[in-house]
Structures are given as structure tokens and as C-alpha cells.
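See below:
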């Protein structure tokens, strides 16, 4: 589980990107988001698919802009391998992907650490799932399981598609 030291659980991915960057969206993309019922901030995980659609529209718009502005890069400089370490992050569809690598004198990776979005979102997924079950405990087991699977898929479609992991055992007292 990943937690922010002062604020606790956090979320990475489409809803976070959207909420942090709504004011930077091109006009037509922001208008499409509003037409789809979104405001400048989205905290409802059940709207994540709509947010992902807005991201796809933005990506198409940005790809056309980049194509229009493309200039070939200069040739890459020659590199000499050496012992080094580096870290950073890249934005993946599911959220921030943290990387840290250490290289040996041959330039080979000797140590690596990768923190995927799933592990960063895990705590909030579990908290929201617990709340969802408490609010929907009256549902039949099959319906409750389906709702739980939907909730998890809202955060991370890869979990439920890659593995049929959810085994629900409801014990009502």
C-alpha cells in the first residue's frame, strides 16, 4: 500500500489527471467533458470510463498537434557506460509508474524498483470497496459480487480482466 505521509490514501490515474488538469484542456475537449456530465473535478469512480473517454479525445487532439509541429530530433550523442543511478516516473494509462534503476560499469541494470499504479491505488480501492459493501449488503451475493467487480474495474480494469480474482464470501449475522 502507498500512502501520502500527511494525507493518507491517494489515487493516481485518469480521475486524478482529469481533476488536476481540467483547466488545461483545450476548449472543445472541456466542452465534451461538460456535455458528458462532468464538472472540473471528478471523484466518482463509477464515472471513470467517461473520464477515460475525455482522455482519449484529448489524446487524439494532442496527437494531431504534435504531428503538425513535428521536427526531426538531432542525432543522439555517443554514450559511455558508467556506474549510475536514476529515478523518475512516467504516466501510464492507470496512473503514475515510479521507476528507480542502478547501472553497473557496463551500463547494465544491476538493481531496479518499479512501483505500479495498482499498488499506489490499492489502499483507496480497498477503502471504497469496504464502503460499497456496507452500503449494499442487502443485495444478493451474486449482485453484490458484480457491484464489487464493477467498483474495482473503475480503478483498474487490468485487475479484474487479467485475473478473475474476486471470491466473495458473505457472512450475514
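In the working numbering, the protein residues as written are 306 to 478. Virtual Cβ for every residue (Gly too), placed ideally from N, Cα, C.
Please report whether the beta-carbon of residue i lies at a distance below 9 Å from any beta-carbon of chain B.
{"i": "residue 361", "result": "No chain B is present in this structure, which holds just one protein chain."}
Mark residue i as exposed unless 16 or more other C-beta atoms lie within 10 angstroms of its C-beta, in which case mark it buried.
{"i": "residue 430", "result": "buried"}
{"i": "residue 323", "result": "buried"}
{"i": "residue 333", "result": "exposed"}
{"i": "residue 328", "result": "exposed"}
{"i": "residue 475", "result": "exposed"}
{"i": "residue 361", "result": "exposed"}
Grab me the residues of residue i's own chain with a C-beta within less than 6 Å of its C-beta, minus the 5 sequence neighbours each way, in chain order.
{"i": "residue 407", "result": "390, 415, 416"}
{"i": "residue 399", "result": "318, 422, 461"}
What residues in its chain sit with their C-beta under 8 Å from that of residue i, if we drop five residues either side in the sequence?
{"i": "residue 427", "result": "306, 307"}
{"i": "residue 366", "result": "331, 333, 334"}
Quick one: Cα of residue i to Cα of residue j, how far?
{"i": "residue 440", "j": "residue 453", "result": "11 Å"}
{"i": "residue 353", "j": "residue 445", "result": "25 Å"}
{"i": "residue 460", "j": "residue 369", "result": "28 Å"}
{"i": "residue 339", "j": "residue 319", "result": "16 Å"}
{"i": "residue 347", "j": "residue 313", "result": "19 Å"}
{"i": "residue 342", "j": "residue 358", "result": "12 Å"}
{"i": "residue 413", "j": "residue 385", "result": "12 Å"}
Could you give the first and the last residue of the continuous alpha helix (DSSP H) run that contains residue i?
{"i": "residue 343", "result": "Segment: none, residue 343 is in no alpha helix (DSSP H) and carries neither H nor E."}
{"i": "residue 369", "result": "353-374"}
{"i": "residue 439", "result": "422-440"}
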